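The structure appears below as structure tokens.
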Amino acid sequence: MLKLICALYFFIIAFSGNIFAQDTLPRISVKDRDGKVIISWINGYGARINNINIQRSYDSIKRFTTIGTVLNPMNKENGFVDTKSTGGRVFYRVFVAFDGGEYVFTRSYRPALDSLREEMNEIEPTESALRPPMPGGFVASKFVFTGKDNNVIISLPNAAGQKYSIKFFDEADNPVFEVHNIKEPYLILEKVNFLHSGWFKYHLLNNDILLEKYKFYIPKDGKGGTNREQRNK
Numbered sequence: 029m030l031k032l033i034c035a036l037y038f039f040i041i042a043f044s045g046n047i048f049a050q051d052t053l054p055r056i057s058v059k060d061r062d063g064k065v066i067i068s069w070i071n072g073y074g075a076r077i078n079n080i081n082i083q084r085s086y087d088s089i090k091r092f093t094t095i096g097t098v099l100n101p102m103n104k105e106n107g108f109v110d111t112k113s114t115g116g117r118v119f120y121r122v123f124v125a126f127d128g129g130e131y132v133f134t135r136s137y138r139p140a141l142d143s144l145r146e147e148m149n150e151i152e153p154t155e156s157a158l159r160p161p162m163p164g165g166f167v168a169s170k171f172v173f174t175g176k177d178n179n180v181i182i183s184l185p186n187a188a189g190q191k192y193s194i195k196f197f198d199e200a201d202n203p204v205f206e207v208h209n210i211k212e213p214y215l216i217l218e219k220v221n222f223l224h225s226g227w228f229k230y231h232l233l234n235n236d237i238l239l240e241k242y243k244f245y246i247p248k249d250g251k252g253g254t255n256r257e258q259r260n261k
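Take any residue in the sequence shown, count from 1 to its spot, add 28: that is its number in this note's numbering.
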């Protein structure tokens with residue numbers, strides 16, 4: 029049961045979008061995401077693998093203990109989530125056993141932070157001066173906002189190396205349309221695509237992992253996005 033829970037948890041928070049770059053065995057990827065350590069890899073050995081154990085240590089050389097295994101070691105993409113990591117100086121490695129008795133240990137790895145979320149929080153807007161006035165107290169997103177001509181701007185400076193997508197909804201949460209596999213760092217969507225003025229919501233995702241859930245406002249033509257019109261919404 030513990031194996032099943034760990035496997036399901038891994039696929040929910042890590043593989044539902046494969047947000048982390050993975051290495052091919054005997055190399056592994058070890059990422060710290062919100063206090064949970066995700067150990068992931070690509071299986072280049074095919075059906076030869078008989079068993080895979082995940083091990084943890086606090087000195088990187090010895091005293092490694094097995095903390096889990098995977099349900100299907102032959103999966104092309106696989107991994108494990110350590111939900112009980114105490115943080116600090118901790119190391120992980122993977123033990124791979126093959127049919128016939130051969131085995132291999134990966135080298136030990138320390139967890140690296142989820143750098144993508146940090147980058148998303150640190151990116152400065154490149155076209156903030158183009159934004160129309162917003163209602164009092166409203167702060168527009170750095171990544172999705174309306175420009176001076178009331179078109180919708182998507183600003184993702186690192187888009188080329190990611191798999192961004194965005195889903196748009198009206199104020200009542202009805203789907204409007206979606207844009208997949210965004211590779212342009214600066215994308216303009218004509219306001220006519222949204223059919224009417226008003227508030228719109230969006231979900232910004234990378235490999236189906238939700239990165240930002242927010243909203244923006246498209247003013248009526250000729251109104252210029254005045255504060256009074258937006259407050260009436």
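In this text, a Cβ means the ideal position worked out from N, Cα and C, and glycines have one as well.
Model, not experiment: these values are computed from the prediction.
Original post:
Helix, strand or coil: which one does DSSP assign to Val207?
Top reply: In the structure shown, Val207 sits in a strand (DSSP, three-state: E or B).
**OP:** State the Cα-Cα distance for the pair Lys263 and Thr97, rounded to the nearest angstrom.
**Re:** Not covered by the structure: residue 263. The range shown for the chain is 29 to 261.
Subject >> Runs of beta strand (DSSP E) lying entirely within the segment 47–75, each at least 3 residues, in chain order >> reply: Fully enclosed beta strand (DSSP E) runs of 3 or longer: 57–61, 64–70.
**OP:** To the nearest angstrom, report how far apart Tyr245 and Trp227 are at their CA atoms.
**Re:** The C-alpha of Trp227 is placed about 4 Å away from the C-alpha of Tyr245.
Subject >> Exposure of Leu239, with buried meaning 16 or more beta-carbon neighbours within 10 Å >> reply: So Leu239 counts as buried.
Original post:
I think Ile216 touches Leu184, with their Cβ atoms under 8 Å apart; what is that distance to the nearest whole Å?
Top reply: With a beta-carbon spacing of about 13 Å, Ile216 and Leu184 fall beyond the 8 Å limit used to define contacts.
Original post:
Does DSSP put Gly96 in a helix, in a strand, or in coil?
Top reply: Strand, per DSSP.
Original post:
Three-state secondary structure (DSSP) at Glu155?
Top reply: Annotation note: pLDDT 42 at Glu155 (below 50); position unreliable, coordinate value reported separately. In the structure shown, Glu155 sits in coil (DSSP, three-state: anything other than H, G, I, E or B).
Original post:
Quick one: Cα of Glu199 to Cα of Asp127, how far?
Top reply: Cα-Cα distance, rounded: 57 Å.
**OP:** Within its chain, find whatever has a CB closer than 6 Å to the CB of Leu141; leave out the 5 residues flanking it on each side and keep chain order.
**Re:** When the five nearest sequence neighbours on each side are left out, the beta carbons in the same chain lying within less than 6 Å of the beta carbon of Leu141 are those of Asp60, in order along the chain.
**OP:** Provide the residue span of the beta strand (DSSP E) that contains Arg84, from first to last.
**Re:** Bounds of the beta strand (DSSP E) holding Arg84 are 77–85.
Original post:
Is Ala125 helix, strand or coil by DSSP?
Top reply: It is a strand residue.
Original post:
Would you call the segment 99–106 and the segment 69–89 touching, i.e. three or more CB-CB distances under 8 Å?
Top reply: Enough Cβ pairs lie closer than 8 Å, so yes.
Original post:
Should Asp110 be labelled buried (16 or more other beta-carbon atoms within 10 Å of its own) or exposed?
Top reply: By the Cβ-count criterion, Asp110 is buried, with 16 or more other Cβ atoms from all chains shown falling within 10 Å of its own Cβ.
Original post:
Taking just the CA atoms, how far does Val220 sit from Val132?
Top reply: In this model, Val132 and Val220 are separated by some 58 Å (Cα to Cα).
Original post:
Where Thr134 and Ser57 are concerned, what is the direct C-alpha to C-alpha distance, given to the nearest angstrom?
Top reply: When rounded, the separation of the alpha-carbon atoms in Thr134 and Ser57 is 11 Å.
Subject >> Rounded C-alpha distance that separates Gly100 from Ile77 >> reply: According to the sequence shown, residue 100 is Asn rather than Gly. Answer to the nearest angstrom: the Cα atoms are 10 Å apart.
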